[in-house]
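Numbering (the UniProt record's numbering), first residue to last: 1 to 172.
Reviewing the structure listed below.
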Amino acid sequence: MGLSFALDPPVTAALRDEAVELWTAATNAGGAVGFVAPVTADDVRPVAEETFAGVTDGPDRLLIGTDDGRLVAMLFLVDNRFALKAHWRVLKRVMVLPGSQGRGYGAALMREAAEAGRRMGLAGLQVTVRDGHGLDAFYAKLGYRQVGRLPGALRVADGDDRDELVMWLDLR
Numbered sequence: 001m002g003l004s005f006a007l008d009p010p011v012t013a014a015l016r017d018e019a020v021e022l023w024t025a026a027t028n029a030g031g032a033v034g035f036v037a038p039v040t041a042d043d044v045r046p047v048a049e050e051t052f053a054g055v056t057d058g059p060d061r062l063l064i065g066t067d068d069g070r071l072v073a074m075l076f077l078v079d080n081r082f083a084l085k086a087h088w089r090v091l092k093r094v095m096v097l098p099g100s101q102g103r104g105y106g107a108a109l110m111r112e113a114a115e116a117g118r119r120m121g122l123a124g125l126q127v128t129v130r131d132g133h134g135l136d137a138f139y140a141k142l143g144y145r146q147v148g149r150l151p152g153a154l155r156v157a158d159g160d161d162r163d164e165l166v167m168w169l170d171l172r
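Rendered as structure tokens:
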């Protein structure tokens with residue numbers, strides 16, 4: 001059927017469950033989406049619920065990608081909650097279902113996020129990247145440029161600190 005997107009879909013119990021399943025699978029496949037593998041759905045659910053609260057009760061937005069009705073990609077457009085930064089958003093928890101990778105879904109998700117940002121009248125989008133995964137090259141191909149690096153900001157294990165890369169897409 002193909003990939004289709006929805007911005008601000010109804011955050012139902014079914015969507016929450018699918019999102020936790022996606023988030024767990026993405027993490028366990030090595031994805032840098034806030035956890036270090038291995039994780040279970042019980043590990044992910046509290047963070048997911050807190051993140052969904054920013055969508056249902058707050059200013060954050062959810063963008064999902066579905067293929068034949070199945071959730072295969074998602075990200076959150078997170079408000080900075082600071083008036084001087086109201087003109088841009090942070091993309092968080094950018095993920096594609098591991099079995100759906102290699103089909104261009106990640107790039108399509110990011111292009112859709114950029115279009116959503118333009119429709120929202122935003123000046124830019126930021127994404128942070130855990131160094132060591134090669135994702136900076138993926139984002140660079142989509143027009144993002146590295147604007148910062150926080151050395152050793154992410155402790156993924158004892159003795160394994162990773163840099164956090166800050167990347168920016170100008171939407172103007």
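Just so it is clear, CB atoms sit at the ideal spot from N, CA and C, and this is done for glycine as well.
Every value quoted in this text rests on a predicted model; they were computed, and no experiment measured them.
- Ranked by Cα distance from Phe5, the first of Leu169, Arg155 and Glu112 is Glu112.
- Scanning the stretch 95-121 for uninterrupted alpha helix (DSSP H) segments of 4 residues or longer gives 105-119, listed from N- to C-terminal end.
- Taking every protein chain shown into account, the CB of Leu77 has 16 or more other CB atoms within 10 angstroms, so this residue is buried.
- Looking at the DSSP output, Thr66 sits in a beta bridge with Ser4 and Leu71.
- Taking a 10 Å sphere around the C-beta of Phe52, we find 16 or more other C-beta atoms and assign the residue as buried.
- As DSSP reads the structure, Gly124 sits in a beta bridge with Trp88 and Asp170.
- When only Cα atoms are considered, Gly54 and Pro151 end up about 28 Å apart.
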